[in-house]
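Data first, discussion second: the structure below is written as structure tokens.
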Amino acid sequence: MDGGIRENDISRIVDLDRDHIWHHLTQHKPFETGEPRVIVEGRGMRVWDQKGKEHLDAVSGGVWTVNVGYGRESIANAVRDQLVKLNYFAGAAGSIPGALFAEKVIQKMPGMTRVYYCNSGSEANEKAFKMVRQIAHKRFGGKKNKVLYRERDYHGTTIGCLSAGGQDERNAQYGPFAPGFVRVPHCLEYRAQWDLSGEAYGQRAADAIEEVILAEGADTVGALCLEPVTAGGGVITPPQGYWERVQEICKRYDVLLHIDEVVCGVGRTGKWFGYQNYGVKPDMVTMAKGVASGYAAIACLVTTEDVFDMFKDDASDPMNYFRDISTFGGCTAGPAAALENMRIIEDEDLLQNTLDMGARMIENLNALADKHSVVGDVRGAGLFCGAELVQNRTTKEPAAEKKVQAVVADCMSQGVVIGATNRSLPGYNNTLCFSPALIAKADDIDHITDAVDQALSRVFG
Ligand SMILES: Cc1ncc(COP(=O)(O)O)c(C=O)c1O
């Protein structure tokens, strides 16, 4: 563990961090008496902190990002070589890695043809919202500008994205929000809003979207923005029949389908993209996190040629193109890293590994549910799994957030980093989240679920 600093200097780093760093999602008062955590090094599935303590990372860097694992020299080399050749030029011009990654990613996305680069998931979603509004102005007199989003989904941290945010606790205190965003119901069958199950529930949940479109007026609704599998809202795998009906509804009312693949994209569910599990044909897809596994900041919005064409059909109109800027969309490190990231996934057959290891994780979590009555529901797709904790299986009363966080803390003290929905959904921050790197082996999966087993025994008795 050195990371370029001498062993003795680490306490200075911790002091600097305590004195100057403002961590995301963190209340800092405890650092007045305790230490902030500093992660110093990572290799494969493991990271080491300032004390040299090893952790098995079951959340790919905390937020579903490091899909191919830590310490990949080939990605570092690809980025270095590209930076030496050309680090940056603004997106009005092209770049070699930009063109090559675009070719590679759209090969995996039949029907999609155009890639717009930017640098975070929030930014990519903002681009999509802007496109919807501009299309409304160009084609529908400005009227068809509303974006529908779903309860429990999350699309990013900016005011625009929070306006499309289905997590009330995440949004709290950040209003007022932008107009033109309208909520549709969630599709989590375990928390069913209708007395139906299976395909009937899935279709009903999709029909609820149609009801919102009709209530708003189809001529005012431009797009529907959904996560393929809801991530931070509780790892919600869609019920059967849901996506087919959603697609039909979008077609019927000429509503663009924008799929937020920021978490699911590039392998997380065992397919290149989450929507490909459900036979959906999107108009716009946004991706970030796992695109370059965190080796460089990159996000993009990928569209069909039909969407693209709407921005070039009248070249004589000086306003008729996508008048959006992304300074860091011109960084070449992103697509250079992303290309190498995809090569690794292909050459190491990581999609298949994700399916195999994801199945093992679900099996292990189901075994935990047999043993611990607090595990009310187990859900997942590939290496993207959740276990919802409840106080009572019959009433499904959610486990208290404090106790859920105690399970996370217990795992951490065992050297296993897991996640949980947190401060997102009032009363429902009760789902443990697991998203290990796609390189996970059977022993890693067992190690993670063994730690959870012990933690559940200790916290819930
Ligand atoms: C589904 C989804 N979309 C968008 C975002 C926002 O991405 P970023 O944090 O890169 O802006 C996130 C972040 O967690 C996410 O989970």
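The numbering used here numbers the first residue of the sequence shown as 131 and each following residue consecutively.
In this text, a Cβ means the ideal position worked out from N, Cα and C, and glycines have one as well.
Everything numeric in this text was worked out from a predicted model, so none of it was measured.
Cβ neighbour criterion (16 or more within 10 Å) applied to residue i
| i | result |
| --- | --- |
| residue 572 | exposed |
| residue 554 | buried |
| residue 278 | buried |
| residue 453 | exposed |
| residue 593 | For the chain, the structure presents residues 131 to 591; residue 593 sits outside this window and is missing. |
| residue 305 | exposed |
| residue 214 | exposed |
| residue 548 | buried |
| residue 540 | buried |
| residue 152 | exposed |
Close beta carbons around residue i, own chain, < 6 Å, minus the five adjacent residues each side
| i | result |
| --- | --- |
| residue 318 | 366 |
| residue 132 | Residue confidence for residue 132 is low, a pLDDT of 47 falling below 50, so the modelled location carries little weight and cannot support an answer. |
| residue 231 | 465, 468 and 469 |
| residue 531 | 559 |
| residue 148 | 161 and 166 |
| residue 298 | 556 |
Residue i - DSSP class collapsed to helix/strand/coil
| i | result |
| --- | --- |
| residue 300 | helix |
| residue 354 | strand |
| residue 153 | coil |
| residue 397 | coil |
| residue 563 | strand |
| residue 524 | coil |
| residue 317 | coil |
| residue 140 | helix |
| residue 530 | coil |
| residue 242 | coil |
| residue 428 | coil |
| residue 502 | coil |
| residue 276 | strand |
| residue 509 | strand |
| residue 178 | strand |
| residue 517 | strand |
| residue 577 | helix |
| residue 184 | strand |
| residue 161 | helix |
| residue 383 | coil |
| residue 451 | coil |
| residue 415 | strand |
| residue 390 | strand |
| residue 308 | coil |
| residue 189 | coil |
Neighbourhood of residue i by C-beta, 7 Å cutoff - its chain only, sequence neighbours within 5 removed
| i | result |
| --- | --- |
| residue 456 | 221, 247, 248, 249 and 253 |
| residue 523 | 503 and 506 |
| residue 360 | 282, 283 and 366 |
| residue 212 | 227, 462, 463 and 466 |
| residue 274 | 266, 349, 350, 351 and 352 |
Distance between residue j and residue i (C-alpha atoms, nearest Å)
| i | j | result |
| --- | --- | --- |
| residue 191 | residue 185 | 11 Å |
| residue 143 | residue 169 | 11 Å |
| residue 458 | residue 322 | 42 Å |
| residue 240 | residue 508 | 31 Å |
| residue 335 | residue 357 | 15 Å |
| residue 287 | residue 427 | 16 Å |
| residue 284 | residue 570 | 26 Å |
| residue 237 | residue 472 | 12 Å |
| residue 225 | residue 462 | 7 Å |
| residue 166 | residue 160 | 8 Å |
| residue 308 | residue 258 | 15 Å |
| residue 154 | residue 223 | 34 Å |
| residue 276 | residue 341 | 15 Å |
| residue 477 | residue 533 | 41 Å |
| residue 295 | residue 498 | 32 Å |
| residue 320 | residue 479 | 33 Å |
| residue 563 | residue 582 | 11 Å |
| residue 514 | residue 175 | 15 Å |
| residue 406 | residue 310 | 29 Å |
| residue 404 | residue 391 | 7 Å |
| residue 327 | residue 370 | 9 Å |
Distance cut-off 7 Å: residue i Cβ against heavy atoms of ligand 2
| i | result |
| --- | --- |
| residue 215 | Among the ligands present in this structure, namely ligand 1, ligand 2 is not found. |
Cutoff 8 Å; reference residue i; Cβ partners in own chain excluding five residues on either side
| i | result |
| --- | --- |
| residue 435 | 243 and 244 |
| residue 443 | 450 |
| residue 218 | 460, 461 and 462 |
| residue 557 | 528 |
Chain B within 8 Å of residue i, Cβ atoms only
| i | result |
| --- | --- |
| residue 272 | Of the protein chains in this structure there is only one, and it is not chain B. |
Any 3 or more C-beta pairs closer than 8 Å across the segment 515-530 and the segment 403-416: no
contact_flag[the segment 337-348, the segment 372-387] where n(CB pairs < 8 Å) is 3 or more: yes
Inter-stretch contact (C-beta, 8 Å, three-pair minimum) for the segment 362-378 and the segment 329-343: yes
Touch test, the segment 417-424 against the segment 193-200, Cβ-Cβ under 8 Å, three pairs minimum: The segment 417-424, when compared against the segment 193-200, does touch it at the 8 Å Cβ threshold.
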